[in-house]
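K.L.:
If you scroll down you'll find the structure; I have some questions about it.
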Amino acid sequence: MAQYKGAASEGGRAANLIKKRQKEQEEMEIKKKKIEEELKIGSIQNKFATHYDAIEQQLKSNTIGLVTLDEMRAKQEDVIKKREKQLAKKHSEAQMLDQQKKDRKKKEQMKMAMLSFDPCDEEEDDEDEETDKEEETEIKEAEAGKRKRLGKDPNVDTSFLPDRDREEEENKLREQLRQEWVGKQEKLKNEEIDITYSYWDGSGHRRQVRMRKGNTMQQFLQKCLETLRKEFNDLKLVTVDQIMYVKEDLIIPHHYSFYDFIVTKARGKSGPLFSFDVHADVRIVSDATVEKDESHAGKVCLRSWYDRNKHIFPASRWEPYDPEKRWDSYTVSDKNAIKITVK
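According to UniProt numbering, the sequence shown is numbered sequentially starting from 1.
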């Protein structure tokens, strides 16, 4: 296809520009290679070695005679900063050369486009403009489609669908209620109560001690032992593990707390386990159908005494506490006596 390329002078000018551009490119490549060779480092170890060797050499040349440690450190920091500035300057020069090369290339392309009257170039430009317009139209249509997307119908019940916001609110509410419950239980555990008990060695010796509801039976027995040792010589060498607490004919393990029985409203064989202050004897009742909080005084006794007398009343009625066992009625009796039942 015949094309008009301008006069002979214009063609010669274009050829000169091409030669000039090639020459500049060669010069740029030479400068670039020179800078790259200066900055080129084989590995990370060589990099640090070269860097610190240069710093050390410069530090040696600047340091004459004896200097203090602080002066040495100050000079070392100054040399490191200068070295880093030099490396940064070389790196920026390389970037500037690349940018200048790109700018020159663009200028040469613009000059060649001005000298050439090739209709194919105009057609390509028109096609590029049409392509850009089509792409812009497609983007606008896609954005319009996104805006027109329908949301949820507010009149439809969607409570069964997963909802992150709703779940977060529920979790916050659960955590808040849990913390409130824990706070109330801690407050309840710190409340003080009077515990009436009887040291039992075949006959009762009633005493009273003040404890917190959160205290365990072991802590309670330790406090009882501290008081009873002053009155009973046989307890002076006794430890907590050698004594036991019996409440409503049930032997209570040491790890349980008063709080455990109060919260669960636990019942024993002969009365409630959640009441520890004695108002009256539960065996003397006017109405057996009414639940009362009166209870027997718990017994504190030696394990050795129980082992010797467990075949004799009242020790014959005692048994270990089982939280799974339910006592629907209270009974107080001896094997050879009349049985009294309180429902």
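Beta carbons: idealized from backbone N, C-alpha and C, even for Gly. In this text the structure is predicted, and so the values were computed from the model without any measurement.
Per DSSP, what kind of secondary structure is residue 79 in: helix, strand or coil?
P.N.:
One-based indexing of the sequence shown puts residue 79 at position 79. Here residue 79 sits in helix by DSSP.
K.L.:
My output table needs one value for residue 181: the three-state DSSP class, helix, strand or coil.
P.N.:
If you number the sequence shown from 1, residue 181 lands on position 181. Residue state, collapsed to three classes: helix.
K.L.:
Is residue 299 helix, strand or coil when you go by DSSP?
P.N.:
Within the sequence shown, residue 299 is the residue found at index 299, counting from 1. Of the three classes helix, strand and coil, the one that applies to residue 299 here is strand, per DSSP.
K.L.:
When DSSP builds the beta bridges, which residues end up paired with residue 194?
P.N.:
Residue 194 sits at position 194 when you count from the first residue of the sequence shown. Paired residue(s): 210.
K.L.:
CA-CA distance, residue 175 and residue 256?
P.N.:
In the sequence shown, the residue the question calls residue 175 occupies position 175. In the sequence shown, the residue the question calls residue 256 occupies position 256. Between residue 175 and residue 256, the C-alpha separation is close to 27 Å.
K.L.:
Please state the DSSP three-state secondary structure of residue 156.
P.N.:
By one-based count along the sequence shown, residue 156 stands at place 156. Three-state DSSP puts residue 156 in coil, outside helix and strand.
K.L.:
Out of 249, 21, 226 and 251, state which residue places its alpha-carbon closest to the alpha-carbon of residue 109.
P.N.:
Counting from 1 along the sequence shown, the entry for residue 109 is found at position 109. Of the candidates 249, 21, 226 and 251, the residue whose Cα lies closest to the Cα of residue 109 is 21.
K.L.:
Could you name each continuous alpha helix (DSSP H) segment of 4 residues or more that falls completely within the stretch 209-240, going from the start of the chain to the end?
P.N.:
217-228
K.L.:
Run the CB neighbour count on residue 266, radius 10 Å, all protein chains shown included, and call it buried at 16 or more, exposed below.
P.N.:
Locating residue 266 in the sequence shown gives position 266, where the first residue counts as 1. Classification for residue 266: buried.
K.L.:
If you run the structure through DSSP and keep just helix, strand and coil, what is residue 10?
P.N.:
Sequence index remark: in the sequence shown, residue 10 carries index 10 (1-based). Residue 10 carries a helical assignment under DSSP once its states are collapsed to helix, strand and coil.
K.L.:
Is the beta carbon of residue 317 less than 8 Å from the beta carbon of residue 269?
P.N.:
In the sequence shown, the residue the question calls residue 317 occupies position 317. In the sequence shown, the residue the question calls residue 269 occupies position 269. Yes. Within cutoff.
K.L.:
Buried or exposed, going by whether 16 or more other CB atoms sit within 10 Å of the CB of residue 237?
P.N.:
Indexing the sequence shown from 1 puts residue 237 at position 237. Only exposed fits residue 237, as fewer than 16 other CB atoms lie within 10 angstroms of its CB.
K.L.:
On the DSSP bridge list, what partners appear for residue 320?
P.N.:
The residue given as residue 320 occupies position 320 in the sequence shown. Its beta-bridge partners are 251.
K.L.:
Between the stretch 184-191 and the stretch 154-169, do three or more beta carbon pairs fall short of 8 Å?
P.N.:
Two segments are said to touch when three or more pairs of C-beta atoms, one from each, lie closer than 8 Å; by this definition the stretch 184-191 does not touch the stretch 154-169.
K.L.:
Is the beta carbon of residue 33 less than 8 Å from the beta carbon of residue 97?
P.N.:
Taking the sequence shown and counting its residues from 1, the one referred to as residue 33 is at position 33. Taking the sequence shown and counting its residues from 1, the one referred to as residue 97 is at position 97. No, the pair does not count as a contact, with Cβ atoms beyond the cut-off.
K.L.:
Determine whether the beta carbon atoms of residue 221 and residue 240 lie at a separation below 8 Å.
P.N.:
Your numbering for residue 221 matches position 221 in the sequence shown. Your numbering for residue 240 matches position 240 in the sequence shown. Yes, they are a contact pair.
K.L.:
If we count the other Cβ atoms within 10 Å of its Cβ and call it buried at 16 or more, is residue 313 buried or exposed?
P.N.:
Taking the first residue of the sequence shown as position 1, residue 313 is located at position 313. Residue 313 comes out exposed.
K.L.:
Does DSSP classify residue 311 as helix, strand or coil?
P.N.:
Position 311 of the sequence shown, counting from 1, holds the residue named residue 311. Residue 311 falls in the coil class under three-state DSSP.
K.L.:
So residue 296 and residue 271 are in contact, right, with Cβ under 8 Å, and what is the actual spacing, rounded?
P.N.:
Position 296 of the sequence shown, counting from 1, holds the residue named residue 296. Position 271 of the sequence shown, counting from 1, holds the residue named residue 271. Going by Cβ atoms, the distance from residue 296 to residue 271 rounds to 6 Å, so yes, they are a contact pair.
K.L.:
Please work out which residues of its chain come closer than 7 Å, Cβ to Cβ, to residue 19, disregarding the five sequence neighbours upstream and downstream, and give them in chain order.
P.N.:
Within the sequence shown, numbered from 1, the residue matching residue 19 stands at position 19. Excluding positions up to five away in sequence, the list is empty.
K.L.:
Alpha carbon to alpha carbon, how far is residue 315 from residue 249? Give it in angstroms, no decimals.
P.N.:
As a first step, residue 249 is located in the sequence shown; it is residue number 249 there, counting from the start. As a first step, residue 315 is located in the sequence shown; it is residue number 315 there, counting from the start. About 8 Å.
K.L.:
Kindly indicate which residue of 180, 303 and 75 has the alpha-carbon position closest to the one of residue 199.
P.N.:
Position 199 of the sequence shown, counted from the start, is the residue given in the question as residue 199. The residue with the shortest Cα to Cα distance from residue 199 is 303.
K.L.:
Using only alpha-carbon positions, find the residue among 273, 232 and 166 that is nearest to residue 301.
P.N.:
Position 301 of the sequence shown holds residue 301. The residue with the shortest Cα to Cα distance from residue 301 is 232.
K.L.:
Residue 306 by DSSP, collapsed to three states: which one?
P.N.:
The residue given as residue 306 occupies position 306 in the sequence shown. Residue 306 falls in the helix class under three-state DSSP.
K.L.:
Over what stretch of residues does the alpha helix (DSSP H) that includes residue 256 continue unbroken?
P.N.:
One-based indexing of the sequence shown puts residue 256 at position 256. No alpha helix (DSSP H) contains residue 256, which DSSP labels as neither H nor E.
K.L.:
Where does residue 106 land, buried or exposed, given buried means 16+ other C-beta within 10 angstroms?
P.N.:
Numbered from its first residue, the sequence shown carries residue 106 at position 106. When all chains shown are included, residue 106 counts as exposed.
K.L.:
Here's the rule I'm using: 16 or more other beta-carbon atoms within 10 Å means buried, otherwise exposed. How should residue 173 be labelled?
P.N.:
Against the sequence shown, residue 173 aligns to sequence position 173. Its Cβ having fewer than 16 others within 10 Å, residue 173 is exposed.
K.L.:
Taking its Cβ as the centre, do 16 or more other Cβ atoms sit within 10 Å of residue 79, making it buried, or is it exposed?
P.N.:
Locating residue 79 in the sequence shown gives position 79, where the first residue counts as 1. Buried, since its Cβ has 16 or more Cβ neighbours within 10 Å.
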